[in-house]
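A.B. asks:
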Amino acid sequence: MTELQYELKFRTSVSTFTGLAIAGLVDRMIVRNDEGLPCISGSSVKGRWRFFAERLLRADGLPADLWIHDSNGPLCKDNPCTLCRLFGSPAVPAMLQVGQAELDASLKSLFKALLDSDPNPVIHPDTEIRPGICLSRFRRTALPDHLFFEEAVPPVIFSGQLIIVDSISPAERQFLDISGRLVDRLGGRKAVGRGILEGGIRINGGSV
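Residue numbers (numbering that gives the first Met the number 0): 0 to 207.
(1) Between which two residues does the alpha helix (DSSP H) holding residue 149 run?
(2) Could you tell me which whole alpha helix (DSSP H) segments of length 4 or greater appear in the region 74-143?
(3) Looking at the strands, I want to know which residues DSSP matches up with residue 21.
(4) Among the residues of its own chain, which have a CB less than 6 Å from the CB of residue 32, if the five just before and after it don't count?
(5) Once DSSP output is grouped into helix, strand and coil, what is the label at residue 175?
(6) Taking the alpha carbon of residue 142 as the point to measure from, which residue in 201, 134, 148 has its own alpha carbon closest?
(7) Along the chain, where does the beta strand (DSSP E) that runs through residue 8 open and close?
(8) May I ask you to list the residues that DSSP assigns as paired with residue 13?
(9) Give the range of the beta strand (DSSP E) segment to which residue 193 is assigned.
(10) At what residues does the alpha helix (DSSP H) containing residue 44 begin and finish?
(11) Going by DSSP in three states, residue 62 sits in which element: helix, strand or coil?
(12) How would you label residue 24, buried or exposed, when you count the other beta carbons within 10 angstroms and need 16 or more for buried?
(13) Exposed or buried, which one is residue 104 when buried takes at least 16 other CB atoms within 10 Å?
(14) Would the region 92-112 and the region 156-166 be scored as touching if the rule is three or more Cβ pairs under 8 Å?
Here it is in structure tokens:
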């Protein structure tokens, strides 16, 4: 088993939503950890990472030992491809485990101080409240009575833990580095410019 760290440096505000709301005030609230601080779930990071890893594997010019199952065929079982081996499938456990991304250690005390100074359960002082509207797909105009408000974390740095449960080849390690750096955005409302990353998912740590 190998433990590494990853970093997410955001250039724009980011929102990963819980589905919770406070009627009439905030329609979508962000994910928070047990200390009440903003965080990003490992499943959100891993899902987006897997999307870009698959796109890269379906491109031409990769080494022969990096491959992916046919897009029209079933997922791997007995002889897993690179994607299923690293990120898992219904039949193959993932070698890569992505932990929850927490605020960078240099920022935690600042965010805690903000929350302690104003323990408002509705409008949190560590986030921005962003308005949004729903558009009609046919008329391309705003729908009536569809104004909403949602939380967004200002552009900061998050970091989390990566666990590789078995040994991987140097090519697979390099593939994780490259595919991680391709990830351009995370979270919700990406189409309006939220969650833009600087340098993608950056892996920190020694070689596997």
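Idealized CB from N, CA, C, for every residue including glycine.
C.D. replies: Put simply:
(1) First-last for residue 149: 141-151, but that is the beta strand (DSSP E), not the alpha helix (DSSP H).
(2) 81-86, 104-116
(3) 25
(4) 38
(5) helix
(6) 134
(7) 1-9
(8) 152
(9) Counting along the chain, residue 193 falls outside any beta strand (DSSP E), and DSSP gives it neither H nor E.
(10) 41-56
(11) coil
(12) exposed
(13) exposed
(14) yes
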